[in-house]
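Data block below; observations after.
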Amino acid sequence: MPKTILVVEDQQVLREIMKEYLIDDGYQVLEAGDGSRALELFQEHEVDLIILDIMLPELDGWSVCRRIRKHSNVPILMLTSRSDEDDTLLGFELGADDYVIKPCSPPILLARTRRLLGNRQILDSADTLSGGRITLHLPSRTVTLDGKPCSLTHTEFEILACLLRNKGIILTREQLITKIWGFDFDGDDRTLSSHIRNLRSKLDEHAAHIVTVIRSGYKFEDLP
């Protein structure tokens with residue numbers, strides 16, 4: 249069954265180009281030219297990924313992202329034509345998984361799309377990863393804390409899974425960025441910091457397992 253992507257972009261020419269490339273790559277595509285229509289389509293259809301422009305009529309991309317994150321952890325790839333990094337950092341704070349700066353080449357957009365929709369990590373033979381009272385169920389991509397569900401975004405889940413797979417091992421920021429976003433990532437390590445901060449907030453008291461190693465990176469520790 250082909251995966252469904254919702255493309256939200258107010259420039260029709262750019263939207264049509266993205267739609268054509270995505271369809272050629274085997275995806276089903278829904279399209280919206282403004283934020284309000286995007287929310288309507290999201291409520292009406294099962295969507296596997298959203299490609300979301302920031303500057304939109306009706307509702308901007310930040311508002312759309314914020315509203316969707318109240319109900320869903322669907323992967324969100326944000327588009328921005330601005331060079332201001334504060335825009336992308338705000339997107340991450342609101343729960344976006346990745347971003348592409350416009351104008352972007354279709355192959356780069358497809359690569360980011362495939363990475364978010366595919367399983368970027370090599371799965372363990374077991375179905376679960378655990379540390380302390382945190383449990384990740386890999387097939388369903390769910391997380392529980394003391395047996396209670398914890399809602400994580402796609403990227404937050406990937407970061408936690410990566411740390412758990414390497415429990416007790418320091419992973420440099422560069423290693424984590426490469427594992428999560430790939431070698432072609434064109435952002436900086438503030439992107440990782442933003443996602444780590446969001447992840448710790450959601451883990452609450454269990455966040456102590458994620459240890460910052462000054463001038464090195466991060467590791468997951470089983471605490472007494």
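For the sequence shown, the numbering used here assigns the number 249 to the initial residue and increments by one for each residue that follows. Beta carbons: idealized from backbone N, C-alpha and C, even for Gly.
Between Leu427 and the rest of its own chain, which residues show a CB-CB distance below 6 Å, the 5 nearest in sequence each way excluded? Here residue 427 is taken as the residue at index 179 of the sequence shown, counted from 1. Strictly speaking, residue 427 in this sequence is Lys, with Leu absent from that position. Taken in chain order, the residues that qualify are Cys410.
Does the separation of the CB atoms of Leu364 and Leu325 fall below 8 Å? Translated into positions along the sequence shown, residue 364 becomes position 116. Translated into positions along the sequence shown, residue 325 becomes position 77. With respect to Leu325, Leu364 sits close: the two C-beta atoms are nearer than 8 Å.
Going along the chain, which residues of its own chain have a beta-carbon closer than 7 Å to the beta-carbon of Arg381, five neighbours each way excluded? For this step, residue 381 is matched to residue 133 along the sequence shown. Taking Arg381 as the centre and dropping the five residues before and after it, the same chain places the C-beta of Leu393, Asp394 and His454 closer than 7 Å to its C-beta, in chain order.
From which residue to which residue does the beta strand (DSSP E) around Ser378 run? Looking up residue 378 in the sequence shown gives position 130. Looking at the DSSP string, the run of the beta strand (DSSP E) that includes Ser378 is Thr376 to Gly379.
The ligand COA heavy atom lying under 7 Å from the CB of Cys313: Summarising the ligand content, the structure contains no ligands, and the ligand COA is consequently not present.
Rounding to the nearest angstrom, what Cα-Cα distance links Arg413 and Val459 in this structure? In the sequence shown, residue 413 corresponds to position 165, counting from 1. In the sequence shown, residue 459 corresponds to position 211, counting from 1. C-alpha separation (whole angstroms): 15 Å.
Verify whether the separation of the beta carbon atoms of Ile407 and His385 is less than 8 Å. Your numbering for residue 407 matches position 159 in the sequence shown. Your numbering for residue 385 matches position 137 in the sequence shown. No. Outside cutoff.
Option in Lys467, Arg463 and Leu440 with minimal Cα separation from Glu341: As a first step, residue 341 is located in the sequence shown; it is residue number 93 there, counting from the start. Closest option to Glu341, Cα to Cα, is Leu440.
Whose C-beta lies closer than 7 Å to the C-beta of Gly430 among residues of the same chain, with five residues either side of it excluded? Numbered from 1 along the sequence shown, position 182 holds the residue referred to as residue 430. So the list reads Arg363, once near-sequence residues are dropped.
With distance defined between alpha-carbon atoms, name the residue in Asp282, Leu304, His319 and Trp310 nearest to Val295. Working through the sequence shown from its first residue, we reach residue 295 at position 47. Out of Asp282, Leu304, His319 and Trp310, His319 has the C-alpha closest to the C-alpha of Val295.
Between which two residues does the alpha helix (DSSP H) harbouring Phe290 extend? Locating residue 290 in the sequence shown gives position 42, counting from the first residue. Looking at the DSSP string, the run of the alpha helix (DSSP H) that includes Phe290 is Gly283 to Glu292.
Rounded to a whole number of angstroms, what is the C-alpha to C-alpha distance between Leu357 and Ile417? By one-based count along the sequence shown, residue 357 stands at place 109. By one-based count along the sequence shown, residue 417 stands at place 169. Leu357 and Ile417 have their C-alpha atoms roughly 32 Å apart.
Report the CB separation of Leu327 from Asp308 in whole angstroms; it is logged as a contact under 8 Å. Working through the sequence shown from its first residue, we reach residue 327 at position 79. Working through the sequence shown from its first residue, we reach residue 308 at position 60. At roughly 12 Å, the Cβ-Cβ gap does not stay under 8 Å, so Leu327 and Asp308 are not in contact.
In the stretch 436-467, which residue ranges form an unbroken alpha helix (DSSP H) of at least 4 residues, counting only runs that do not cross its ends? Counting only runs that start and end inside the stretch 436-467, the alpha helix (DSSP H) elements of at least 4 residues fall at 437-451.
Give me the residue from Cys313, Asn321 and Asp282 with the minimum Cα distance to Leu304. Locating residue 304 in the sequence shown gives position 56, counting from the first residue. Residue Asp282 is the option with its Cα nearest to Leu304.
With a threshold of 8 Å on Cβ separation, who are the neighbours of Tyr269 within its own chain once the five nearest residues in sequence on each side are excluded? Counting from one through the sequence shown, the residue named residue 269 turns up at place 21. The answer, listed in chain order, is Pro354, Leu357 and Leu358.
Report yes if the CB atom of Gly343 is closer than 8 Å to the CB atom of Thr401, and no otherwise. As a first step, residue 343 is located in the sequence shown; it is residue number 95 there, counting from the start. As a first step, residue 401 is located in the sequence shown; it is residue number 153 there, counting from the start. The Cβ-Cβ distance between Gly343 and Thr401 falls below 8 Å.
How about Ser442: is its C-beta nearer than 8 Å to some C-beta of chain D? Of the protein chains in the structure, only one exists, and it is not chain D.
Less than 8 Å between the C-beta atoms of Val277 and Ile316, yes or no? Stepping through the sequence shown from its first residue, residue 277 is reached at position 29. Stepping through the sequence shown from its first residue, residue 316 is reached at position 68. It is not a contact, given that the beta carbons lie outside the stated cut-off.
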